[in-house]
Every structure is written in structure tokens, then in C-alpha cells.
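Have a look at the structure below, then the notes.
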Amino acid sequence: MGKTVVIALGGNAILRHGQTGTAEEQAENVRTACRQIARVVERGHRVVVTHGNGPQVGNILIQNEAARDRVPAMPLDVCGAQSQGQIGYLLQRELGVALQAHGVPRPVVTVVTQVVVDPHDPAFRNPTKPVGPFYAEHEARALMQAKGWVMREDAGRGWRRVVPSPAPRRVVELDAIRALVGLGVVVIAAGGGGVPVAEGPDGLRGVEAVIDKDLTAQRLATELGADLLAILTDVPRVYLRYGTAEQQPLDRVTASELEAYLREGHFADGSMRAKVEGAIAFVRAGGERAVVAALDEALAGVEGYSGTQVIPDAAAAQVPEGMWQAYVEIGDSNRSSTSSPRAESGNRPGR
Numbered sequence: 001m002g003k004t005v006v007i008a009l010g011g012n013a014i015l016r017h018g019q020t021g022t023a024e025e026q027a028e029n030v031r032t033a034c035r036q037i038a039r040v041v042e043r044g045h046r047v048v049v050t051h052g053n054g055p056q057v058g059n060i061l062i063q064n065e066a067a068r069d070r071v072p073a074m075p076l077d078v079c080g081a082q083s084q085g086q087i088g089y090l091l092q093r094e095l096g097v098a099l100q101a102h103g104v105p106r107p108v109v110t111v112v113t114q115v116v117v118d119p120h121d122p123a124f125r126n127p128t129k130p131v132g133p134f135y136a137e138h139e140a141r142a143l144m145q146a147k148g149w150v151m152r153e154d155a156g157r158g159w160r161r162v163v164p165s166p167a168p169r170r171v172v173e174l175d176a177i178r179a180l181v182g183l184g185v186v187v188i189a190a191g192g193g194g195v196p197v198a199e200g201p202d203g204l205r206g207v208e209a210v211i212d213k214d215l216t217a218q219r220l221a222t223e224l225g226a227d228l229l230a231i232l233t234d235v236p237r238v239y240l241r242y243g244t245a246e247q248q249p250l251d252r253v254t255a256s257e258l259e260a261y262l263r264e265g266h267f268a269d270g271s272m273r274a275k276v277e278g279a280i281a282f283v284r285a286g287g288e289r290a291v292v293a294a295l296d297e298a299l300a301g302v303e304g305y306s307g308t309q310v311i312p313d314a315a316a317a318q319v320p321e322g323m324w325q326a327y328v329e330i331g332d333s334n335r336s337s338t339s340s341p342r343a344e345s346g347n348r349p350g351r
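Read in the numbering used here, the sequence shown has 229 at position 229, and its numbers run on one by one without any break.
This is how it looks when you write it as C-alpha cells:
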């Protein structure tokens with residue numbers, strides 16, 4: 001029996017640098033990503049896909065602004081939900097085609113996903129995430145006065161709205177996602193980090209914020225009881241001193257080792273930091289492995305041959321030098337002999 005794998009797609013899977021974001025460009029990029037995901041499903045793994053939405057929700061906000069005199073503008077949480085449907089549709093369509101081509105037809109379903117945040121999260125006191133269009137200074141100051149937005153100058157390009165980026169606390173649609181996975185459905189969920197919501201006396205309410213997609217992918221993988229979290233991006237692995245003459249790739253690393261590198265400042269905000277934090281949190285919560293790998297090496301990363309493989313501290317002592325692949329394969333064999341995968345039970349020893 002295969003593993004339950006949460007695959008977190010990076011932004012390059014949907015929109016690449018230099019592209020304008022036409023439907024045709026995005027569909028072609030998604031098509032390429034879906035061929036990689038189909039190879040993972042073909043090997044018998046149960047798959048949940050998450051994805052980014054930064055450029056898409058940004059474009060929706062620009063459309064809001066351009067049409068503000070014609071139709072009512074939607075708040076940020078509604079725009080995030082809209083982008084989940086847009087990107088989910090493209091992934092759903094192209095993944096269905098790819099699965100059919102690989103001889104493993106499966107139903108594919110997109111779940112518009114809400115993620116609970118704490119309204120007292122410190123992020124609400126220090127908004128940092130830029131969203132939406134650029135404004136001239138006088139426009140930005142007028143918006144701050146009229147709407148109470150926090151606006152900041154962005155690298156000399158103009159002023160932009162900044163919003164909080166709180167930590168994800170709970171995936172609202174978890175039970176539905178787990179049920180679908182148990183039925184053999186490939187699920188697309190928690191796009192763009194999920195729609196942020198807060199709990200109140202009258203139920204859930206939308207929040208004007210953006211949750212980091214990689215941290216939500218970790219939260220979803222942990223709550224789902226997944227075996228593996230695969231964070232796919234545009235670099236082949238995690239590097240120390242990235243972009244310098246002394247850059248050093250990390251092939252296999254324990255959670256504690258990776259945390260030490262994180263404290264040393266090797267991973268930049270807005271780039272690799274959240275991916276590293278998500279990988280550490282996942283294995284520390286009981287996950288078997290996390291991997292950060294290139295999109296075009298998705299299957300190799302899932303099966304332990306590529307990328308940066310992040311393992312629990314206790315597992316390191318079980319893997320003699322030169323025996324990593326045997327460890328992965330033996331683990332797969334042991335898991336296939338169990339009667340009930342964690343994806344179905346949602347439980348982990350010591351959880």
C-alpha cells in the first residue's frame with residue numbers, strides 16, 4: 001500500500017517569471033505540474049495537492065480596483081476563495097487528463113478550504129504581507145484614511161497594502177478531505193494557505209489576512225495523518241549559504257540539524273524559511289519524512305532519491321551510512337503490511 005502524500009506546489013507550478021498570467025499560460029504550467037503528480041499517483045500513493053495563489057489573488061484585487069465604480073469590490077477572504085476555485089479548476093481538469101494518460105483514472109475534487117487563525121496572533125499587530133496593486137502616495141494615504149488599510153512603500157515602485165500573515169491553527173474541512181482521500185479521490189485543498197477565518201459566537205467569519213501556503217500545507221498534512229509532506233519548488237533542494245560561492249546542498253538532514261541552520265539565518269523570509277519551518281514541524285509532529293525538491297523531480301523526491309529529505313531525529317540513528325534508500329524501501333514495505341493507513345484513521349503514535 002502506498003503512502004498518503006501532501007504535495008505543496010510552489011508558485012512556479014502555476015505562473016512563471018516573466019509571464020503575464022493568461023489562462024493559456026497558467027493551463028500549460030499546470031499541465032506540466034500535473035504530469036508529475038500523476039506519476040506519484042501511478043505508484044500507488046494517495047495524494048492531496050495544495051498550491052500558492054499570490055499572483056492570481058493579486059490580479060483579482062487589481063480587477064476589483066479597476067472596476068470599483070461598476071461593481072462592489074470583494075474583501076480579501078472572498079478573493080482568496082475565488083482564486084482557490086480558479087486554480088483548483090485548472091488543476092482538476094489537467095490532473096484528470098494526466099491520470100487518464102498514465103492509466104490510473106481517479107476522481108479529482110477541489111475543496112474550497114477555510115483555515116482558522118487566532119485573531120490575537122501577533123501578526124495582526126504587524127502586517128507584513130503585500131497584496132494588490134501599487135498606488136501613488138496620495139492615493140495610499142487616502143485609502144489609509146478611508147478604509148483603515150496599512151500601506152507601505154514597496155522598493156520605490158509605489159505604495160501597497162500590507163496585511164497580517166497569521167499562523168494556521170485548524171483546517172475546517174479536514175473531515176471532508178479525509179473522507180475523500182479514503183475513497184481514493186485526489187484532493188486539491190487549502191489553496192493559497194486557505195481562506196483565513198476566525199471563530200466567534202456566531203460561527204466563522206472571514207479575516208483580511210494571508211496565511212503562508214507552506215505552513216498550511218504542514219498543518220493539513222499533520223492533521224490528516226499523512227506519511228509524507230512534499231514541498232515542490234523551483235530549486236532542487238535546500239541550500240546553506242544559497243547564492244554564494246560557498247553554497248552547500250542539503251541531501252538528508254534531521255529536524256534538529258535543520259532547525260539549527262534555521263537559527264543561524266540560512267533561510268530567507270519569503271523564500272525558503274517557511275518551507276523549512278513546515279518540514280521541521282511536520283516530522284516533529286510524527287510525520288515520517290518531509291522533502292523539499294524540484295517540481296520536475298516530484299516522484300524521485302517522494303521516493304527518497306532526490307531533494308532535501310528531512311527526517312525525525314530518532315530515525316537518523318536507524319540509517320547507517322550508505323543505507324538511506326534501503327531504509328526508505330523497508331519503511332514502505334512495513335507500512336504496506338499494516339491493516340489501516342493513518343490517512344484513514346487520522347491517528348499517530350504519541351500524537
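Ideal Cβ placement from N, Cα and C applies to all residues, glycine included.
Keep in mind the model is a prediction, meaning the values are calculated, not measured.
* Asked: Is the beta carbon of Val111 sitting closer than 7 angstroms to the one on Ala27?
  -> no
Is Thr222 near Gly193, with beta carbons less than 7 angstroms apart?
-> no
Query raised in the report: What whole-angstrom Cβ distance do Ala294 and Asp234 have, given they're in contact under 8 angstroms?
Result: Between Asp234 and Ala294 the Cβ distance is about 7 angstroms, and since that is below 8 angstroms, they are a contact.
- Query: Counting only runs that start and end within the stretch 198 to 269, where is the alpha helix (DSSP H) found for 4 or more residues in a row?
  - Reply: 213 to 224, 255 to 263
In or out: Asp313 buried (at least 16 other Cβ within 10 Å) or exposed? Asp313 comes out exposed.
Worksheet item: Is Ala146 helix, strand or coil when you go by DSSP?
Response: helix
With distances taken from CA atoms, which of Ala101, Pro133, Asn64, Ala316 is nearest Val283?
Ala316
- prompt: For the ligand NAP, any of its heavy atoms closer than 6 angstroms to the Cβ of Leu224?
  reply: Only the bare structure without any ligand can be found here, which leaves the ligand NAP out of the picture.
Please tell me whether Lys213 and Val163 are closer than 7 angstroms, where the distance is taken between their beta carbons. no
inquiry  = Suppose you measure from the CA of Val302 to the CA of Ala146; what does that come to, to the nearest Å?
reply    = 49 angstroms
Using only alpha-carbon positions, find the residue among Gly184, Thr32, Ser83 that is nearest to Val104. Gly184
Helix, strand or coil at Arg31 [DSSP, three-state]:
helix
Decide if Val71 is buried, meaning its Cβ has at least 16 other Cβ atoms within 10 Å, or exposed. exposed
Ends of the alpha helix (DSSP H) at Phe282? Annotation: the continuous alpha helix (DSSP H) that includes Phe282 extends over 273 to 284.
*Backbone secondary structure at Val71 - three-state DSSP*: coil
Note to self: Less than 7 angstroms between the beta carbons of Val108 and Gln92, yes or no?
What the structure shows: yes
Candidates Thr254, Trp149, Arg252, Ala179: which alpha carbon is nearest Glu208's?
Trp149
| task | Counting only the same chain and skipping the five closest in sequence on each side, list residues whose C-beta sits under 6 angstroms from that of Val291. | result | For Val291, where only same-chain residues beyond five positions count, the Cβ hits under 6 angstroms are Ala230, Gly301, Gly307, Gln309.
Task: Assigned exposure category for Arg342 - 16 Cβ within 10 Å defines buried - done: With a pLDDT of 47 at Arg342, under the threshold of 50, the modelled position of this residue cannot be trusted, and the question is left open.
Hey, Pro133 and Glu24: beta-carbon distance below 7 angstroms or not?
no
Since I believe Val195 is in contact with Asp77 (beta carbons under 8 angstroms), could you give me their beta-carbon distance rounded to a whole number of angstroms? 5 angstroms
Could you check what DSSP says for Arg152 in three-state terms: helix, strand or coil?
strand
Quiz item: Over what stretch of residues does the alpha helix (DSSP H) that includes Ala8 continue unbroken?
Solution: Premise fails: Ala8 lies in the beta strand (DSSP E), 4 to 9, not in any alpha helix (DSSP H).
Among all the DSSP beta bridges, which residues are the ones paired with Gln114?
In DSSP, Gln114 forms a bridge with Val195.
### Message
Three or more C-beta pairs under 8 angstroms: does that hold for the stretch 30 to 41 against the stretch 82 to 97?
### Response
Three or more beta-carbon pairs separated by less than 8 angstroms link the stretch 30 to 41 to the stretch 82 to 97, which places the two stretches in contact.
Original post:
Looking at the unbroken alpha helix (DSSP H) that takes in Ala81, where does it start and where does it end?
Top reply: 76 to 101
- Message: What would DSSP say about Ala13, mapped onto helix, strand or coil?
- Response: helix
Problem set entry | C-alpha distance - Gln394 paired with Gly52, whole-angstrom precision | Nothing can be reported for residue 394, as the shown portion of the chain is limited to 1 through 351.
* **Residue burial classification, Asn29 (beta-carbon count within 10 angstroms, cutoff 16)** => buried
Rounded to whole angstroms, how far is the Cβ of Val210 from the Cβ of Ser165, which I believe are closer than 8 angstroms? 5 angstroms
- Query: When DSSP labels each residue in this structure, what does Pro55 get in the three-state scheme?
  - Reply: Note: Pro55 maps to helix in three-state DSSP.
Euclidean distance between Cα positions of Val57 and Thr244: A direct Cα-Cα distance of roughly 33 angstroms separates Val57 from Thr244.
Could I get the ranges of all uninterrupted alpha helix (DSSP H) runs contained in the stretch 295 to 320, with 4 residues as the minimum, in chain order?
-> 298 to 302, 313 to 316
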